[in-house]
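Take any residue in the sequence shown, count from 1 to its spot, add 252: that is its number in the working numbering.
Positions of the beta carbon are idealized from the N, C-alpha and C atoms, including for glycine.
This one's a predicted model, so the numbers in the text were calculated from it and none came from an experiment.
Taking it in order: structure first as structure tokens, then the write-up.
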Amino acid sequence: MADANSGGHAGGGVERRVLLAGPRSFCAGVERAIDIVEQALEQRGAPVYVRKQIVHNATVVDELAERGAVFVEELDEVPDHATVVFSAHGVSPAVRQEAARRGLDVIDGTCPLVAKVHAEARRFAARGDAVVLVGHAGHEEVEGTLGEAPESMALVSTADDVRELELAEGRPVSYLTQTTLAVDETAEVVDVLREKFPSLQEPPSDDICYATTNRQAALQAVVDESELVLVVGSENSSNSVRLVELSRRAGVPAELIDRAEDIRPEWLEGVRTIGLTAGASAPPALVTEVVTWLGAFGPVHVDEREITRETVFFELPSVLRGDAQRATGGGSS
């Protein structure tokens, strides 16, 4: 971490204003996923295997690994009959089938809002629709959703992808979206979908999750006053990357950082007002670290801008709730 002696390279002694966007950091799905791994370690004991990163944040993954979580890419790295947690991003039916065949003790950390999209994919495909999924190729959430009905689904990322899309004549068309997309860019893609397929059916409620939407709206509330935006989040965090892109589209320089020490002092030269936010998988403590780090270069005035208060809560899977009750001598009601 830089110290105050570095201030000569970043306007040392300059008073800065930090516009702290809210909501920021953990969402309910991320908190639930982390709690699942922590409870699994407490109740089952280490090691607990986790397929992929439980959430896309390097700090979270490192801390859980220190406690005994073993992160793997695929199930063939997990011993038969071991405990394995599926990440918040969800998995395809093929992964679930493989886990059952291997006798693995599965604890599902899939975010309920991702599970909602999976259910919609199954339902739309079952009624005979061609289902267009708006999302980013290679993202774990997208791979899991496509796996629900691969013969009925097509993936698009941009308006140009839609224009090039060819579907069977006369087949009903519906669409779904990845939960962590940019709201404005997704709206543009959906508009082109509607132009191309006038009878397009949409999901009963928005697939982009409340947390992604709220964090983008919160950033929009501060970006116009900012000379630089710092987004706390990891490079593989889709919703964090979208925040950086949103700021840059607004004409304001933005940088994605995992931790405070990633800040380069030259970014701060001539900058008096900094917008600060964090993706939904970034721990709140990392935001506090950034404010402390900035204070090494001079006085910092923090101006919190909270546009809404999030109260969403997701319960742990019943298998963990049951273990917790037994551990404390509790019974079912």
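The alpha-carbon separation between Ala434 and Val542 amounts to approximately 25 Å. Selection Ala411, Glu416 and Gly342 evaluated against Glu395 yields Gly342 as nearest (Cα-Cα). In this structure, the alpha-carbon of Leu568 lies about 23 Å from that of Ala310.
Going by beta carbons, Ala506 and Val523 fall outside the 8 Å limit. Following the DSSP letters along the chain, one finds Ala340 in no beta strand (DSSP E), marked with neither H nor E. Within the segment 423 to 455, complete beta strand (DSSP E) segments of at least 3 residues are found at 425 to 429, given in chain order.
Inter-segment contact for the segment 431 to 450 and the segment 509 to 521 is absent: fewer than three beta-carbon pairs are separated by less than 8 Å.
If you draw a straight line from the Cα of Arg348 to the Cα of Val358, it is about 9 Å long. Excluding residues up to 5 positions away in sequence, Glu440, Val441 and Val444 lie with their Cβ nearer than 7 Å to the Cβ of Ala411 in the same chain. Bridge partners of Tyr301 according to DSSP: Val322 and Val336. Within the DSSP bridge table, the entry for Arg524 names no partner. For His308, the number of other beta carbons within 10 angstroms of its own is at least 16, and it is reported as buried. Contact between Phe566 and Gly281 holds, since their C-beta atoms are separated by about 6 Å, short of 8 Å. Annotation: Ala548 to Asp458 spans about 42 Å, alpha carbon to alpha carbon.
If you draw a straight line from the Cα of Asp555 to the Cα of Leu272, it comes to about 6 Å. Annotation for Leu398: Leu385, Met405 and Leu407 place their beta carbon closer than 7 Å to its own, counting only its chain and skipping 5 residues before and after.
Going by DSSP, Val474 is part of the alpha helix (DSSP H) stretching over Tyr462 to Val475. Per DSSP, Asp459 lies in no alpha helix (DSSP H) and is assigned neither H nor E. Apart from the 5 residues on each side of it in sequence, Asp381 sits with its Cβ closer than 8 Å to the Cβ of Ser404, Arg423, Pro424, Val425, Ser426 and Gln453 in its chain, given in chain order. Your pair Thr525 and Ser478 checks out as a contact, with CB atoms roughly 5 Å apart and the cut at 8 Å. Taking the C-beta atoms as reference points, Ser277 is found no nearer than 8 Å to Ala469. If you look at Val289, you'll find it in the alpha helix (DSSP H) that goes Ala280 to Arg296.
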